[in-house]
Amino acid sequence: EPEVTQTPSHQVTQMGQEVILRCVPISNHLYFYWYRQILGQKVEFLVSFYNNEISEKSEIFDDQFSVERPDGSNFTLKIRSTKLEDSAMYFCASGAGDILPNIQYFGAGTRLSVL
Amino acid sequence: RKEVEQDPGPFNVPEGATVAFNCTYSNSASQSFFWYRQDCRKEPKLLMSVYSSGNEDGRFTAQLNRASQYISLLIRDSKLSDSATYLCVVNGRDSSYKLIFGSGTRLLVRP
């Protein structure tokens, strides 16, 4: 069964450092997403990406965040200068998009710990 | 008002019990509805999509009431392995098809 894969599974970084989280979406999907979940809180939407551009972003996704699809398979989330409050699980998801019911499949997540 | 609202629980039930979860959503333009399951510190996994006609998958039955903006999940004959957090999820008509999550309802099934 095709799956979304994410690397690394756990990333520890110092405050102010840049991190790049990587994802390989399901190959025939066209819509890609990043969500985050702070420990004990709900899953929150960060950004969606379609046709090589951001289609929507949340208030959380400020100038410190960026996404890229550098080749035909990888989808990355970069945090330019990490803050303590960026510590969370980051989930990548992909979906076919405009085929109801718009199911999205999630990767196992990257746990980001900012010290 | 929260976009997707759920009772956080926990629901603590014995094996074999029937348990029901409810959820309300605020955006009447929401188009697709789901129940996801999340185990501790793991990713959300799709349990089932929810349709107005109601749908069943083994021991799980989901219902959608668009008029009341209400979604339900019924689990029959609970197993120990059903212990998890159940997430009510909707998406809207916007072009990104982003998912909006409830905070989840925690289920504990005891022997």
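Chains as they are written, first to last, in this note's numbering: chain F, 1 to 115; chain P, 1001 to 1111.
All C-beta atoms in this analysis are idealised placements derived from N, C-alpha and C, irrespective of residue type, glycine included.
Treat the numbers as computed from the prediction; the structure is a model and nothing was measured.
{"Query": "8 Å Cβ cutoff, residue 1009 of chain P in contact with chain F", "Result": "no"}
{"Query": "Whole-angstrom distance between residue 61 of chain F and residue 1076 of chain P, CA atom to CA atom", "Result": "40 Å"}
{"Query": "Positions along the region 98-114 of chain F whose CB lies within less than 9 Å of some CB in chain P", "Result": "98, 100, 101, 102, 103, 104, 105, 106, 107, 108, 109 and 111"}
{"Query": "Chain-ordered chain P contacts of residue 59 of chain F [CB-CB under 7 Å]", "Result": "The premise fails here: residue 59 of chain F is roughly 13 Å from chain P at the closest Cβ pair, so nothing lies under 7 Å."}
{"Query": "Proximal residues, the region 1075-1105 of chain P versus chain F, C-beta separation under 9 Å", "Result": "1087, 1089, 1091, 1094, 1095, 1096, 1097, 1098, 1099, 1100, 1101, 1102, 1103 and 1104"}
{"Query": "Cβ contact (3+ pairs, closer than 8 Å) linking the region 75-84 of chain F and the region 1066-1076 of chain P", "Result": "no"}
{"Query": "From P:1080, P:1100 and P:1065, residue whose alpha carbon lies closest to that of residue 1019 of chain P", "Result": "P:1080"}
{"Query": "Residues that residue 31 of chain F contacts on chain P, provided the C-beta gap is smaller than 8 Å", "Result": "1096 and 1097"}
{"Query": "Spatial neighbours of residue 43 of chain F in its chain, beta-carbon cut-off 6 Å, leaving aside the 5 residues before and after", "Result": "35 and 37"}
{"Query": "Rounded distance between the beta-carbons of residue 47 of chain F and residue 25 of chain F, thought under 8 Å", "Result": "Actually they do not touch by this definition, with Cβ atoms about 14 Å apart."}
{"Query": "Residue-chain proximity (residue 3 of chain F, chain P), Cβ-Cβ < 8 Å", "Result": "no"}
{"Query": "is_contact[residue 1044 of chain P, chain B] using C-beta, thresh 8 Å", "Result": "Note that chain B does not occur in the displayed structure, where the protein chains are F and P."}
{"Query": "Integer Cβ distance of residue 115 of chain F from residue 19 of chain F, believed to fall under 8 Å", "Result": "Going by Cβ atoms, the distance from residue 115 of chain F to residue 19 of chain F rounds to 12 Å, so no, they are not a contact pair."}
{"Query": "Beta-carbon contacts of residue 1033 of chain P that lie in its chain and below 6 Å, excluding the five residues immediately before and after", "Result": "1050, 1064, 1071 and 1090"}
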